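S.K.: Residue numbers (my numbering): 40 to 150. In this text, a Cβ means the ideal position worked out from N, Cα and C, and glycines have one as well. Quick caveat, the model's predicted, so the values are computed rather than measured.
1) Does the distance from the CB of residue 82 to the CB of residue 91 come in under 8 Å?
2) Excluding sequence positions up to five away, which residues of its chain have a Cβ less than 7 Å from the Cβ of residue 113?
3) If you follow the beta strand (DSSP E) that residue 78 is part of, which residue opens it and which one closes it?
4) Taking the alpha carbon of residue 121 as the reference point, which residue from 115, 101, 87 and 127 has its own alpha carbon closest?
5) Tell me, please, which residues DSSP counts as bridged to residue 115.
6) Which two residues bound the contiguous beta strand (DSSP E) that contains residue 89?
7) Output yes or no for whether 8 Å exceeds the beta carbon distance between residue 72 and residue 78.
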């Protein structure tokens, strides 16, 4: 039984990968006219979604004033495994799946 638990734990560690660690990233709002991920992170090939960990935190997608670019935020949290659509993501059209960064802290760096 112990060997089975160790084996399952090892598999879960491999599946979760390095993205399971909490980190702080800087994200720039792209303001792209599509129902897709709007946030660009340095060294990431594709845009990502930002998802707040709880409703007490500000929604990053609603902080941009609609005019001023670049709009930059610092967020602390971790990536969900795989790609998907964030909970409560409201947009017209069919959103495309992308990496999701779930944040537990957010700071506006540039408005």
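M.R.: This is what the structure holds:
1) If you check the CB distance, residue 82 and residue 91 do not come in under 8 Å.
2) Hits under 7 Å: 63, 65, 146 and 148.
3) Counted as a single uninterrupted DSSP element, the beta strand (DSSP E) harbouring residue 78 occupies residues 78–80.
4) Put simply, of 115, 101, 87 and 127 the residue whose alpha carbon is nearest the alpha carbon of residue 121 is 87.
5) Paired residues: 63 and 144.
6) Segment 88–91, the beta strand (DSSP E) holding residue 89.
7) It is not a contact, given that the beta carbons lie outside the stated cut-off.
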